[in-house]
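A.B. asks: Protein chains in written order, with my numbering: chain V, 203 to 547; chain D, 13 to 314; chain P, 545 to 909; chain U, 496 to 1007. Positions of the beta carbon are idealized from the N, C-alpha and C atoms, including for glycine.
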Ligand SMILES: Nc1ncnc2c1ncn2[C@@H]1O[C@H](COP(=O)(O)OP(=O)(O)OP(=O)(O)O)[C@@H](O)[C@H]1O
Ligand SMILES: Nc1ncnc2c1ncn2[C@@H]1O[C@H](COP(=O)(O)OP(=O)(O)OP(=O)(O)O)[C@@H](O)[C@H]1O
Ligand SMILES: [Mg+2]
Ligand SMILES: [Mg+2]
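(1) Count Cβ pairs between the segment 454-470 of chain V and the segment 341-360 of chain V that sit closer than 8 Å; are there 3 or more?
(2) Rounded to whole angstroms, what's the CA-CA distance from residue 507 of chain U to residue 1003 of chain U? Just pull it up for me.
(3) Hey, residue 677 of chain P and residue 643 of chain P: beta-carbon distance below 8 Å or not?
(4) Relative to ligand 1, is the shortest distance from any of its heavy atoms to the C-beta of residue 701 of chain U smaller than 7 Å?
(5) Using the three-state DSSP reduction, which class does residue 455 of chain V fall into: helix, strand or coil?
(6) Inspect the beta-carbon positions of residue 188 of chain D and residue 218 of chain D and report whether they are closer than 8 Å.
(7) Just to confirm my understanding: we take residue 226 of chain V, look at its own chain, exclude 5 residues before and 5 after, and list those with CB closer than 8 Å. What are they?
(8) Pair every Cβ in the segment 844-856 of chain U with every Cβ in the segment 770-785 of chain P, then say whether three or more of these pairs are closer than 8 Å.
(9) Are the beta-carbon atoms of residue 348 of chain V and residue 289 of chain V separated by less than 8 Å?
(10) Is the number of C-beta pairs between the segment 742-753 of chain P and the segment 798-816 of chain U that are closer than 8 Å three or more?
(11) For the segment 525-581 of chain U, list the alpha helix (DSSP H) runs that are entirely contained and at least 4 residues long, ordered along the chain.
(12) Under a Cβ-count criterion, where at least 16 other Cβ atoms within 10 Å of its own Cβ denotes burial, should residue 221 of chain D be classed as buried or exposed?
(13) Any contact of the segment 200-207 of chain D with the segment 855-865 of chain P, i.e. 3+ C-beta pairs under 8 Å?
(14) Going by beta carbon distance, what residues of the same chain come within less than 6 Å of residue 389 of chain V, once the five residues before and after it are set aside?
(15) For residue 39 of chain D and residue 721 of chain P, which I take to be in contact (beta-carbon distance under 8 Å), what is that distance rounded to the nearest angstrom?
(16) Check whether the segment 409-423 of chain V touches the segment 290-302 of chain V, counting contact only when three or more Cβ pairs, one atom from each stretch, lie closer than 8 Å.
(17) Whole beta strand (DSSP E) runs in the segment 960-994 of chain U with 3 or more residues, listed along the chain?
(18) Flag residue 7 of chain D as yes if its beta-carbon sits less than 8 Å from any beta-carbon of chain P, otherwise no.
(19) Since I believe residue 115 of chain D is in contact with residue 90 of chain D (beta carbons under 8 Å), could you give me their beta-carbon distance rounded to a whole number of angstroms?
(20) With residue 683 of chain U and residue 799 of chain U assumed to form a contact (beta carbons below 8 Å), what rounded beta-carbon distance in angstroms separates them?
(21) Which residues, in chain order, does the segment 547-579 of chain U contribute to contact with chain V at a C-beta distance below 9 Å?
(22) Does the beta-carbon of residue 622 of chain U have 16 or more other beta-carbons within 10 angstroms, so that it is buried, or is it exposed?
(23) Give the C-beta separation of residue 592 of chain U and residue 899 of chain U to the nearest angstrom, bearing in mind that I take them to be a contact with Cβ-Cβ under 8 Å.
(24) Which residues in chain D have a C-beta closer than 7 Å to the C-beta of residue 720 of chain P? List them in chain order.
(25) Might you give, ordered along the chain, the residues of its own chain that have their beta carbon closer than 6 Å to the beta carbon of residue 380 of chain V, omitting 5 neighbours on each side?
(26) Under 7 Å: does the beta carbon of residue 937 of chain U sit that close to some heavy atom of ligand 1?
(27) Tell me whether residue 547 of chain U counts as near ligand 1, meaning its Cβ is closer than 7 Å to at least one heavy atom of that ligand.
(28) When you compare the CB positions of residue 44 of chain D and residue 226 of chain D, do they come within less than 8 Å of one another, or not?
(29) Is residue 912 of chain U near ligand 3, with its Cβ less than 7 Å from a heavy atom?
(30) Could you give the first and the last residue of the continuous alpha helix (DSSP H) run that contains residue 271 of chain V?
(31) Give me, in chain order, the residues of the same chain whose beta-carbon lies closer than 6 Å to that of residue 111 of chain D; leave out the 5 immediate sequence neighbours on both sides.
(32) Would residue 663 of chain P be called buried (16 or more neighbouring beta carbons within 10 Å of its own) or exposed?
(33) So, does the CB of residue 879 of chain U fall closer than 8 Å to a CB anywhere in chain P?
(34) Cβ of residue 731 of chain U within 8 Å of Cβ of residue 715 of chain U?
(35) Kindly indicate which residue of D:191, D:25, D:159 has the alpha-carbon position closest to the one of residue 77 of chain D.
(36) Does ligand 1 have even one heavy atom less than 7 Å from the beta-carbon of residue 542 of chain U?
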């Protein structure tokens, strides 16, 4: 009776998850599916458009989406913890405006401005996190308020766009990391890659990262398991604020300007990238690598449309939707058929 | 031109990055460019940025990657173009700006700018008002319906308008609020103004026709007569504005011409032929007061 | 468990039972927020609350707020139900634009003036126009619902597809123009008055009444709350969770469609690009302000109506206090934070604690 | 009344609670309760459903604030405000409902909050996490892939993981709230071995269960709660079975209902009754191997087997919760098998699922709404039951199953665990099905109520309902079923007809 009960490793999908995927509940991160679709889409692009499969096109994907990458990493943590952060785009804009105004109009040193705006981002995140944690307010509303506030402050500081001519910024903006073969990466892309790497490490290998997953899975259980739900949650928003500010800095390198209308609608794109990357909006499941793939997929869709070059404005929108649909459907199909295979083996 | 590039059939390739399709004006602008390219036999690579600068930049990048002959674009914003224009310059691709200017430190980054001067448009509106107000010394109270906060036309038109009115203390802008360039926005803001200021308002200055049309509806619903009780001044000169003027509800519209296509194609051809171009190609624009509306209406294309 | 603590904090208010019951009513705090906003307006701007009788109807800021909020109220009602089953619909703005575009296109035509007076011309009869636009909207909802339930996509992504493509579709219908509508009978929907009050209000009232009945007099309310509370348990219990969910997405889109009719009728035009822009955010905000949690299960239709009114009052307030446009957002942010904090149990608890401590300190010699 | 055994009096008091009181709204869940846990003893906490056991435990661990009362740990007054604080003080707890994160792997659930780290970078040392987790599970006699998400394992395993986690915390007081409710005998035995080992090491263990034999098997002392008050504390050996039950329920328990030949004859469940449902080769690839099973009118069919033997899986196939991909499943005269629960309910099937928290209750809905939910689903949305009718049905079942609730409008989430289970059961009884599938329906239900429910099921069978009864307790199966089908390794290995005894069933389960 007392012998070890040998239990077969499970070969079937979790019961009750097949065919009812739409019911909120744990599901497998469709990471591999995302990658498959990314590859398939690139191949399709290469077949359709000459010059599409050149290395620089793919590096441009990174260069052009560097800000999004950085912001989406922060957003991933927020969503993994079961929250949402709508303030990221506005915070990016605020960062660029503050940086530009301080550097250009007040002549501050960039080395002072950059830490300052990062601190500003963290502070902003902590402020929202505290409101959410201490007063039990829904993250959606708090961060929406944060979005109004950040965007509004940016307007108040400067309605006009401010060009940055400061030499350090210009030097960083022009700096390229040569990768051989005539292709190169911008500073922003390098920062984005580092952020993704750091995010992956943070999510996978630190107690904080795992606590974020635990809270997203079941807040009550995490609390009873003795995790510091409150402090983790505040830190998650602080992290997102930090990433937004970092994204803002990357954007100043990318555009060499500060403008209150920068990064309009970025919050939604970031959320979409995170969710497309396989993270559950309800929290607890997903990965930073998935988010990275999600950003690349959104960027690739954009690139495909640019390469086509024949779409009118409204067909562009429809094509965006259709590609998004095709991608998401493909992803679901792959996930499902893998589940099916699993139960066969 | 260099031999290595160009379209498959040797035609000139023009990469054009449009802001979006946020207004009728913009739609007319796009249509003009497309048809002019077609007529001029130019291979047009068109990309719509959905009102996002980031999309425009990545479109320009991909034009560079595709090695088009000329790049043209209507900048969403004035600043932020320096890095990508430098890349274009490094790739020896000439750049033409349409509609709006950009703010760059190196003037060689673009060849020419074809477009209107928003500040001047604002001034024109103010001048018309100065000329067409009955003499007297009673105050003229103006409310201003601004465009999207931070957008270049909103900033510049406001600037020009206020600049031209500066020496005339009789003219006071008593309220100013953003109507986001839309009819619904214009109407809603105007409703609030009417309730807050009542019959005090003499003039409405709207940064575009759509907001003016919205404001006209609000004025009518308040039981006042737009065009008479309250003068309405607007900008752009789209068809709707002419209809309103013919109905006697809008006093004047300052044209902002979106039909830049032919001029753009001429410029592209000139660049390909190596001819010099002026730094600034101004578009013909006039002021259409109410009285001239009926005559001009049949010729309007947008 | 965290909840329990909060509940006890709220429970030990040392006030009379009646007052406590009032305070505990879920609609009390949103209603108070709305009242304070209006009262504040009335204080700073004495004319704000004034009502007059003009041209055969009531005229004033309050009527404007109600009229302007009508589309948002409708969409919030739909959104409430979608959120109640743990969904989300961010395509409502695009659906509104589609419905408006379809209606404007079906009316079609240009300004026709005969003998100096404008004549009303339309391509299709008005009833058909309305049905057509609503059908288009419902089809959008069906699409959303099928993506969520059938394909199993996450609601935000499933509806993002239509949010992106929808405006393109609407622009396709309008040809990228702002379609002006000249057909006067159509204006009644969004501009007309019945018994001196805007007709749109009657639409909202009718929808609310129908919903209220459908949720109270049939088992739908029970099913919706069961699905939202525990979708798997509801499914196991035999509730047709899938069809109900699809139905709710359709209803939400239908409401966006009705809102599209109201909006296009009000401004007498269909603007595919700008109509209903950011409506999804406003609608979700309204739902949340009304006390419906985004996690599903519980919902309050009346709360969402109040939420929508709060949002519209905020906007009108900003327009009428006369701040420069670049300050709008900051004012809005401050007001949103204030309204939220007012509704937060924990915040009120903290304030009460501070207050009693302050008083205790003050009463000490 | 108070007697303490010579073995215990000498040991030091580890945790002393005095005068603990807690009200929920107007309901007094706990009144003036004292509890004394000594080091090196296993202390059983007994009481009917809703007696206040879980409430007491949550106050000991800082998960719930007490209205009044004091706590002392090793003679020092403590007042833990959060579970974290209690944990740090050395109080380790397994709560009644599994409180773990289903999305995390088993290993993470075991070690969350105290991961082993790399020395250099302070990052989590995953190989060591895995090794430690495997060791912890092995301590309970379980070998499983600790890297899989917890949600992929059945409740029983999840419960074992929760126990393993609490054992892994270095603690001086261990509290287990119904840890054995979904375990079968071998796991229970493994758990007891570990508990005895910990007792040797001087830990104080508080143990809640509704199984009397388990209480007598491990515990040294027993405290009994009734209606939120402590009614007694004694050395286990000194407390006779009947007296213990009597003090729990406040009256003598009637002799146990048993499935006797007389009973069987009295019921319609003889082999000759008309067929209600039949399975021919019903199964699913990777799930259940093809099963043949006939269920007749008025018959109670028991389904026995070990944990993971596929009983739940089979029940889900029958109810349309999972789709079968082979064989045939006929319900009455229906031409096809149900494809989803809604169809199954329409056909007159009912299934009380095993996982009460995730698939049973809707916590935010009231008792009334939870009870009528399936009946209403069967009627469709238009034929809405009038409020009065709903109330009548709900009140009837609340009385029948003796559901301890403050009122019909109380949210089910506020009920005690056992009472929640009764609500789920009531929901299905209310649909008056032709075939009722019960998957561990008596999980967490107290002795007296369990007896009532068994009697009720037998009565329903006598009235013509067919029942498929799944239970981990062999005695229960033998007592109530007319026929017992046994499963092993996801296939049906045989059937036993009454009269049969526990040994015969066990022998078949073991495969000899
Ligand atoms: N959150 C709550 N809100 C209101 N009442 C509650 C709450 N939690 C528990 N109760 C009530 O307190 C009483 C005691 O419940 P408790 O969970 O302690 O019972 P229990 O002895 O553990 O029962 P079981 O054996 O069924 O688990 C019950 O009447 C229950 O309804
Ligand atoms: N240790 C385990 N690891 C993985 N999966 C398991 C394990 N034990 C059981 N399962 C899964 O559980 C399912 C079969 O168990 P099921 O719950 O149907 O059996 P049961 O006889 O009802 O046991 P229980 O007593 O747990 O209810 C299968 O899907 C099986 O893969
Ligand atoms: Mg309990
Ligand atoms: Mg089972």
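C.D. replies: To lay it out plainly:
(1) yes
(2) Along the fourth chain, one-based indexing puts residue 507 of chain U at 12. Along the fourth chain, one-based indexing puts residue 1003 of chain U at 508. Residue 507 of chain U and residue 1003 of chain U: Cα-Cα distance of roughly 47 Å.
(3) The residue you call residue 677 of chain P lines up with position 133 of the third chain. The residue you call residue 643 of chain P lines up with position 99 of the third chain. Yes. Within cutoff.
(4) For the purposes of this step, residue 701 of chain U is taken as residue 206 along the fourth chain, with counting starting at 1. Answer for residue 701 of chain U: no, Cβ out of range of ligand 1.
(5) Within the first chain, residue 455 of chain V is the residue found at index 253, counting from 1. Three-state result, residue 455 of chain V: helix.
(6) The sequence position of residue 188 of chain D within the second chain is 176, counting from 1. The sequence position of residue 218 of chain D within the second chain is 206, counting from 1. Taking 8 Å as the Cβ cut-off, residue 188 of chain D and residue 218 of chain D do not qualify as a contacting pair.
(7) Walking along the first chain from the start, residue 226 of chain V turns up at place 24. Confidence is the limiting factor: at residue 226 of chain V the pLDDT is only 36, short of 50, which leaves the residue's position unreliable and the question unanswerable from this model.
(8) yes
(9) Numbered from its first residue, the first chain carries residue 348 of chain V at position 146. Numbered from its first residue, the first chain carries residue 289 of chain V at position 87. Yes, the Cβ-Cβ distance between residue 348 of chain V and residue 289 of chain V is below 8 Å.
(10) no
(11) 548-555
(12) Mapped onto the second chain, residue 221 of chain D falls at position 209. Buried, by the Cβ-count rule.
(13) yes
(14) Locating residue 389 of chain V in the first chain gives position 187, where the first residue counts as 1. For residue 389 of chain V, where only same-chain residues beyond five positions count, the Cβ hits under 6 Å are 374, 377, 455.
(15) Stepping through the second chain from its first residue, residue 39 of chain D is reached at position 27. Stepping through the third chain from its first residue, residue 721 of chain P is reached at position 177. That pair is a contact at about 6 Å.
(16) no
(17) 961-965, 978-983, 986-992
(18) Any answer about residue 7 of chain D is impossible in this case: the structure gives chain D only from 13 up to 314.
(19) The residue labelled residue 90 of chain D in the question sits at position 78 within the second chain. The residue labelled residue 115 of chain D in the question sits at position 103 within the second chain. The Cβ separation is near 5 Å, so the contact holds.
(20) Here residue 683 of chain U refers to the residue found at position 188 when the fourth chain is read from its first residue. Here residue 799 of chain U refers to the residue found at position 304 when the fourth chain is read from its first residue. The pair is not a contact, with the Cβ atoms about 16 Å apart (cut-off 8 Å).
(21) 556, 558, 577, 578, 579
(22) Numbered from its first residue, the fourth chain carries residue 622 of chain U at position 127. Under this definition residue 622 of chain U is an exposed residue.
(23) On the fourth chain, position 97 is the one that residue 592 of chain U refers to. On the fourth chain, position 404 is the one that residue 899 of chain U refers to. Not quite, the Cβ-Cβ distance comes to about 17 Å (not below 8 Å), so this is no contact.
(24) Numbered from 1 along the third chain, position 176 holds the residue referred to as residue 720 of chain P. Going along chain D in sequence order, the residues near residue 720 of chain P (Cβ under 7 Å) are 33, 39.
(25) Within the first chain, numbered from 1, the residue matching residue 380 of chain V stands at position 178. 386, listed in sequence order.
(26) Stepping through the fourth chain from its first residue, residue 937 of chain U is reached at position 442. Because no heavy atom of ligand 1 lies under 7 Å away, the Cβ of residue 937 of chain U does not count as near it: no.
(27) The residue labelled residue 547 of chain U in the question sits at position 52 within the fourth chain. Indeed, a heavy atom of ligand 1 lies less than 7 Å from the Cβ.
(28) Within the second chain, the letter at position 32 stands for residue 44 of chain D. Within the second chain, the letter at position 214 stands for residue 226 of chain D. Going by C-beta atoms, residue 44 of chain D is not nearer than 8 Å to residue 226 of chain D.
(29) The sequence position of residue 912 of chain U within the fourth chain is 417, counting from 1. Yes, ligand 3 has a heavy atom inside 7 Å of this Cβ.
(30) Here residue 271 of chain V is taken as the residue at index 69 of the first chain, counted from 1. Segment 268-282, the alpha helix (DSSP H) holding residue 271 of chain V.
(31) Within the second chain, the letter at position 99 stands for residue 111 of chain D. Result list for residue 111 of chain D: 86, 127, in chain order.
(32) Position 119 of the third chain, counted from the start, is the residue given in the question as residue 663 of chain P. Residue 663 of chain P comes out exposed.
(33) Within the fourth chain, numbered from 1, the residue matching residue 879 of chain U stands at position 384. Judged by the 8 Å Cβ criterion, residue 879 of chain U is in contact with chain P.
(34) Numbered from 1 along the fourth chain, position 236 holds the residue referred to as residue 731 of chain U. Numbered from 1 along the fourth chain, position 220 holds the residue referred to as residue 715 of chain U. Cβ distance < 8 Å, so residue 731 of chain U and residue 715 of chain U count as in contact.
(35) Sequence index remark: in the second chain, residue 77 of chain D carries index 65 (1-based). Among D:191, D:25, D:159, the Cα nearest to that of residue 77 of chain D belongs to D:25.
(36) In the fourth chain, counting from the first residue as 1, residue 542 of chain U sits at position 47. Because some heavy atom of ligand 1 lies under 7 Å away, the Cβ of residue 542 of chain U counts as near it: yes.
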